[in-house]
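Written below as structure tokens is the structure these notes are about.
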Amino acid sequence: MKLFGGGTSPYVRKCRVTALELGMANRVEFAAIAGASEELKAINPIVKIPVLELDNGEHLFDSRMIMRYLNEQAGGTLYPAGDWAMIRRESAVEGLIDAALLLRSEFATRPEEKRWDGWIETQSLKINNVLDELEEEAEALSRLDAASIAAGCGLGYLDFRFADWGWREGRPAIAKWFKECNAGESMQATIPG
135 MKLFGGGTSP YVRKCRVTAL ELGMANRVEF AAIAGASEEL KAINPIVKIP VLELDNGEHL
195 FDSRMIMRYL NEQAGGTLYP AGDWAMIRRE SAVEGLIDAA LLLRSEFATR PEEKRWDGWI
255 ETQSLKINNV LDELEEEAEA LSRLDAASIA AGCGLGYLDF RFADWGWREG RPAIAKWFKE
315 CNAGESMQAT IPG
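If you use our numbering, the sequence shown corresponds to residues 135 to 327, in order.
Spelled out as structure tokens, the structure:
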């Protein structure tokens with residue numbers, strides 16, 4: 135299998151961490167690919183990373199789909215049956231990552247005079263709301279599952295692109311959890327940059 139993506143994408147990182155945690159690193163080759171390229175368009179109609187090319191030539195896209203596929207192939211336990219609280223946490227973190235990427239795009243590509251403060255505030259609110267929820271549920275993240283992988287990658291992305299966010303302030307439980315999570319081998323092996 136081949137995982138196409140970029141080295142700074144938190145979505146790609148989620149898939150790479152998943153492969154490492156499931157002991158599938160030797161079965162999943164990582165291949166850098168340029169965003170919005172013809173090569174990416176040829177394997178994913180929505181022209182987004184990550185994309186997992188299966189051994190039969192089929193392509194899966196969307197990090198959550200790829201994580202589920204890898205989990206199933208490995209006989210893993212990242213998606214415990216009926217654990218809707220975990221799936222809710224995974225979805226919440228997906229929203230945090232979405233909002234962070236939208237903010238990154240806004241700040242990196244739009245001239246300051248054309249930025250919309252209301253939109254920036256809305257994306258920031260989404261991120262802070264999820265951070266507050268994670269603070270309340272930090273103990274649940276201690277189990278390795280899809281939500282904890284997503285949370286680790288999402289918080290890592292905030293550190294990478296928004297180092298001055300101050301997300302740890304007033305959130306000691308999630309800050310402590312992330313420090314331990316981020317020290318893990320799979321997280322250290324996939325640090326963006």
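Glycine included, C-beta positions come from ideal geometry on N, C-alpha and C. Keep in mind the model is a prediction, meaning the values are calculated, not measured.
Exercise. Would DSSP call Ala215 helix, strand or coil?
Worked result: coil
For this session: Look at the Cβ atom of Gly283, then the Cβ atom of Lys148, and state whether they are nearer than 8 Å.
Result: Note on residue identity: the sequence assigns Ile, not Gly, to residue 283. Against a cut-off of 8 Å, the Cβ pair of Lys148 and Ile283 comes out as a contact.
For this session: Could you pull out every residue in the same chain whose Cβ sits closer than 6 Å to the Cβ of Gly139, ignoring the five residues on either side in sequence?
Result: Val146, Ile183 and Pro184
Problem set entry | Within 8 Å, strictly: CB atoms of Ile254 and Leu268 | no
Exercise. Going by alpha carbons, who is nearest to Thr258 out of Asn316, Leu230 and Leu186?
Worked result: Looking at the sequence provided, one finds Ser at residue 258 rather than Thr. The residue with the shortest Cα to Cα distance from Ser258 is Leu230.
For this session: May I ask which residues mark the beginning and end of the alpha helix (DSSP H) holding Glu192?
Result: Where Glu192 is concerned, there is no enclosing alpha helix (DSSP H), given that its DSSP letter is neither H nor E.
For this session: Return the chain-ordered list of same chain residues with a C-beta closer than 8 Å to the C-beta of Pro144, the five sequence neighbours on each side being excluded.
Result: Ile231, Ala234, Leu235, Cys287, Gly288, Gly290, Tyr291 and Pro326
Exercise. Straight-line CA distance for Ala208 to Gly157?
Worked result: 8 Å
Exercise. Per DSSP, which one or two residues make a beta bridge with Leu137?
Worked result: Phe164 and Leu186
For this session: Please classify Ala323: does DSSP put it in a helix, a strand, or coil?
Result: coil
For this session: Using a threshold of 8 Å, state whether the C-beta atoms of His193 and Ile180 are closer than that.
Result: no
Exercise. How is the alpha helix (DSSP H) around Gly286 delimited, first residue to last?
Worked result: Ala280 to Arg295
For this session: Would you mind working out which of Trp218, Leu188, Glu240 and Lys248 sits nearest Asp279, comparing C-alpha positions?
Result: Trp218
For this session: Please name the residue, chosen from Glu155, Asn190, Lys310 and Glu319, that lies closest to Lys136 on a Cα-to-Cα basis.
Result: Asn190
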